[in-house]
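Everything below concerns the one structure shown next.
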Amino acid sequence: MEALNHLLAGFAAALTVKYLLFALAGCVLGTLIGVLPGLGPAAGTAILIPLTFSLDPTGAIIMLSAIYYGAMYGGTITSVLINVPGEAASVVTCIDGYQMALQGRAGTALAIAAIGSFVGGTLATVALVAVATPLATLALKFGPVEFFALMVAGLCLVVGLAGKNMLAALLMTVIGLLLAMIGVDPVRGAPRFGFGVEELYDGIGFVPVVMGLFGVAELLLAAEKRQTHMIQADLNKWMPTREERRASAGAIGRGTVIGFVLGLIPGVGAIVPTFMAYVLEKRVSRTPERFGKGAIEGVASAETANNAYANAAMVPLLALGIPSSPTIAVLMGAFIINGITPGPFLFQERPELVWTVIASFFVGNALLLVLNLPLVGLWAKLLKIPFSYLCAGVLIFCVIGSYGLKQSLFDVWVMLGFGIIGYLLRKLDFPIAPAILALILGPMMEKSLRTTLEMSGGSFAIFLDRPAALVLLAVPVIVIGALVFRPGTFSKLRESDTD
Amino acid sequence: MRQGRLVATGVMLAFCLFALWQSLLLSLTDRLGPGPGFFPFWLAVIGAVLAIALLVSIWREAPSPANDDTRILPHGSGGRRWLAIVLLLAAVTLAMDFIGFRLAMLIFNAALVVALGDRRWWMIALFAAAGSFGVHYVFTTWLDVLLPDGRIWS
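Quick mapping for you: the protein sequence lines, in order, are chains A and B.
This note's numbering puts the first residue of the first sequence at 1, with every later residue one more than the last.
This note's numbering puts the first residue of the second sequence at 1001, with every later residue one more than the last.
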């Protein structure tokens, strides 16, 4: 009941003109970024951070969250029209979405994707409201011992689901954690690894690193590839027929459940729920042979699961302070830039902020539906922007974003350096996501571990005395063990997932 | 590809060993408990062990011709576009300090669009001006983001 009262107060704030405009701007910009091939939600959210520098924390988070799920939807447009997923989660949408476009049903495919995204996102946010408060209340009982175990569990799950690259993912996690050690020691305040470079005593900035690894690296990869052509689609006919609506209803329901449940688990990534929802739909269908040839249920299930996942992934961030994917890590970075630490204390200390943001998820989902149904033709026109202008435009944002936070040109160099490193790591098949999550969790992990060891007089046995910590540490061990000894479809899925 | 992965893992091993050496220069423990060097020291140890394990694992991989043919560094026309982005980005970072955001970005935008193959001069001029003076105005006036003015103007 208390949650409902808070949510109503959140709606009162989220529906003010100011926050409505921020959500609208975020949805528009996110969709725009998602439409542009090669720029995923993580890169999109990162490069648009500078737009929120002057906003109040609530407004900044509302706008960035809207950018996130706008980008998740925007990726669908390229999947359907040019068979190129705008982000990893839209890979599955290509299978039937592009076939529908070839049959002259592109408008219907995009409409059902928008409707599925709205339903999945809204129902997942309802579930978020129900789950987040009890989870945060439980997490309030956690001390540094449990928090350290929780962060280890989160990172291990991300690593464990990296498939055949598990060893490389572990190494990337350690590299990310080591990079997070640069700067001032979070417990004693002693400067570390500065090498006399003044800028390094502030630590390696999260924003320039993310902009480099995602924004610049993706542009460098795209610069090597050939351009693709959009099919000429009639986007005026978008209303699904009664049969199509009936066929999609079950797919949307099942996609919501799969997307929400898997969104709660750190490291699963968006492609797993979309693929699982698609496979389930094919299994339950009386005519599975239609799948891959333009079945509307294929598009509906994948897109619903995608958006339900995107909203559910906010639960571990808001309730526990654990980012479950690189995009959520970017959002966590935005929280921290604005002086807010996500986690259970947020519900106690800043309830007005957290509930306004949650209410804005509902508003954002509705705005996305309103924007995407009638304006799909407009979004499709964006695909005609030449790469040269797109590249220059994105780099302007990257330069401003890297420089703007601390007014430091050193950070622009950091962005460029990490852009080249990110390009090479992608080419060499090293997973980047674990390093990003480790970079943001590093200082908190160190603080928790050192406080724990100070409490125990240096003994690691304290982890055995705390049942919650023991369980949290056991979960990733079991999951990783199971994946190592039975590497199956799940691991194969993860290989292509970059989110 | 295999060779590239070996080199990259070797670089990461060197990074971990460097971090190990540097963390040993800090105190690992003090009278209150773990010191500033404690966490990075153990991370570097774990990282070095993982890097060695990965090196061995890549070394033992059977070489596949398809895999080995994959070029890591950019080449051909794509390589020229790649290089243009990197060099121009480095140049604009250097130039911003001296001539400021507006002028540096004006030149950067025009040069990058030309380097990436566009030749419509009116379009390039319009984009370069909007992407430099226009963006500067929006960010400094409306969004309160400070951007470099350049030493030569001050």
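Glycine included, every Cβ here is placed at the ideal spot set by N, Cα and C.
These figures come from a predicted structure and were not determined experimentally.
Using the beta-carbon of each residue, which ones in chain A are nearer than 7 angstroms to residue 1082 of chain B? Contact annotation for residue 1082 of chain B against chain A: 220, 223 and 224 [CB-CB distance below 7 angstroms, chain order].
Helix, strand or coil for residue 1029 of chain B, going by three-state DSSP, please let me know. In the structure shown, residue 1029 of chain B sits in a strand (DSSP, three-state: E or B).
Taking 8 angstroms as the cut-off, decide whether the C-beta atoms of residue 167 of chain A and residue 439 of chain A are in contact. Not a contact, by the Cβ cut-off of 8 angstroms.
Let me confirm a value: residue 256 of chain A is counted as buried when at least 16 other C-beta atoms fall within 10 Å, else exposed. Which label applies? Residue 256 of chain A should be labelled buried.
Using 8 angstroms for Cβ pairs, my map puts residue 7 of chain A next to residue 359 of chain A. What's the rounded Cβ distance? Rounded, the Cβ-Cβ distance is 6 angstroms, consistent with contact.
So, residue 121 of chain A versus residue 308 of chain A, is the Cβ gap smaller than 8 angstroms? In this structure, residue 121 of chain A lies near residue 308 of chain A, with their beta-carbon atoms less than 8 angstroms apart.
Would a check of beta-carbon distances place residue 1044 of chain B closer than 8 angstroms to chain A? Yes, residue 1044 of chain B counts as interfacial toward chain A.
Is the beta carbon of residue 1063 of chain B closer than 8 angstroms to that of residue 1151 of chain B? No; because the gap between Cβ atoms is not below 8 angstroms, this pair is not in contact.
Would you check if the distance between the CB atom of residue 343 of chain A and the CB atom of residue 305 of chain A is smaller than 8 angstroms? The answer is no: Cβ separation not under 8 angstroms.
Which residues does DSSP list as the beta-bridge partners of residue 183 of chain A? Residue pairing of residue 183 of chain A in beta bridges, as defined by DSSP: A/192.
As assigned by DSSP and simplified to three states, the class of residue 1034 of chain B: Strand at residue 1034 of chain B.
Anything in the stretch 391–416 of chain A with a Cβ closer than 8 angstroms to a Cβ of chain B? List those residues in chain order, please. Result list: 391, 392, 393, 395, 396, 399, 400, 403, 404, 407, 409, 412, 413 and 416.
Residue 218 of chain A to residue 47 of chain A, Cα distance in whole Å? Cα to Cα, residue 218 of chain A sits roughly 12 angstroms from residue 47 of chain A.
Residues from the stretch 1022–1035 of chain B in contact with chain A, defined by Cβ distance under 9 angstroms: So the list reads 1022, 1023, 1026, 1027, 1029, 1030, 1032, 1033, 1034 and 1035, given in the order they occur along the chain.
Got a sec: is the Cβ-Cβ distance from residue 237 of chain A to anything in chain B below 8 angstroms? Chain B, which has no Cβ nearer than 8 angstroms to the Cβ of residue 237 of chain A, makes this no.
So residue 91 of chain A and residue 271 of chain A are supposed to be a Cβ contact under 8 angstroms. How far apart are they, rounded? The pair is a contact, with the Cβ atoms about 6 angstroms apart (cut-off 8 angstroms).
What do you reckon, are the CB atoms on residue 175 of chain A and residue 1123 of chain B nearer than 8 angstroms? Pairing residue 175 of chain A with residue 1123 of chain B gives a Cβ-Cβ distance that is not under 8 angstroms.
Use the C-beta contact count for residue 339 of chain A: other C-beta atoms within 10 angstroms, 16 or more gives buried, fewer gives exposed. Exposed, because fewer than 16 other Cβ atoms sit within 10 Å of the Cβ of residue 339 of chain A.
Round the Cβ separation of residue 336 of chain A and residue 313 of chain A to the nearest angstrom and send it over; I've been treating them as touching at under 8 angstroms. Taking 8 angstroms as the upper bound for CB-CB distance, residue 336 of chain A and residue 313 of chain A are not in contact here, some 17 angstroms apart.
Taking just the CA atoms, how far does residue 462 of chain A sit from residue 456 of chain A? Whole-angstrom Cα-Cα distance: 6 angstroms.
What separation, rounded to the nearest whole angstrom, lies between the Cα atoms of residue 357 of chain A and residue 333 of chain A? Between the alpha carbons of residue 357 of chain A and residue 333 of chain A lies a distance of about 16 angstroms.
Are the C-beta atoms of residue 1047 of chain B and some chain A residue less than 8 angstroms apart? When Cβ-Cβ separations below 8 angstroms define contact, residue 1047 of chain B makes contact with chain A.
Taking Cβ-Cβ distances shorter than 9 angstroms, what residues in chain B pair up with residue 50 of chain A? Within chain B, the residues near residue 50 of chain A are 1139, 1143 and 1145.
Range of the contiguous alpha helix (DSSP H) that encloses residue 1082 of chain B: It spans 1076–1115 - the alpha helix (DSSP H) in which residue 1082 of chain B sits, taken as one unbroken run.
With C-beta atoms as the reference, is residue 1017 of chain B less than 8 angstroms away from residue 1053 of chain B? Taking 8 angstroms as the Cβ cut-off, residue 1017 of chain B and residue 1053 of chain B do not qualify as a contacting pair.
Quick check: is the beta carbon of residue 1102 of chain B nearer than 8 angstroms to any beta carbon in chain A? The beta-carbon of residue 1102 of chain B is placed no less than 8 angstroms from the nearest beta-carbon of chain A.
Which of the three DSSP states is assigned to residue 279 of chain A in this structure? Judged by DSSP in its simplified three-state form, residue 279 of chain A adopts helix.
Quick one: Cα of residue 458 of chain A to Cα of residue 45 of chain A, how far? Near 40 angstroms, if we compare the C-alpha coordinates of residue 45 of chain A and residue 458 of chain A.
Any beta carbon from chain B within less than 8 angstroms of residue 201 of chain A's own beta carbon? For residue 201 of chain A, no Cβ of chain B is located within less than 8 angstroms of the residue's own Cβ.
Could you tell me the boundaries of the alpha helix (DSSP H) in which residue 400 of chain A lies? For residue 400 of chain A, the enclosing alpha helix (DSSP H) starts and ends at 387–404.
Where does the unbroken alpha helix (DSSP H) through residue 31 of chain A begin, and where does it stop? Start and end: 17–35.
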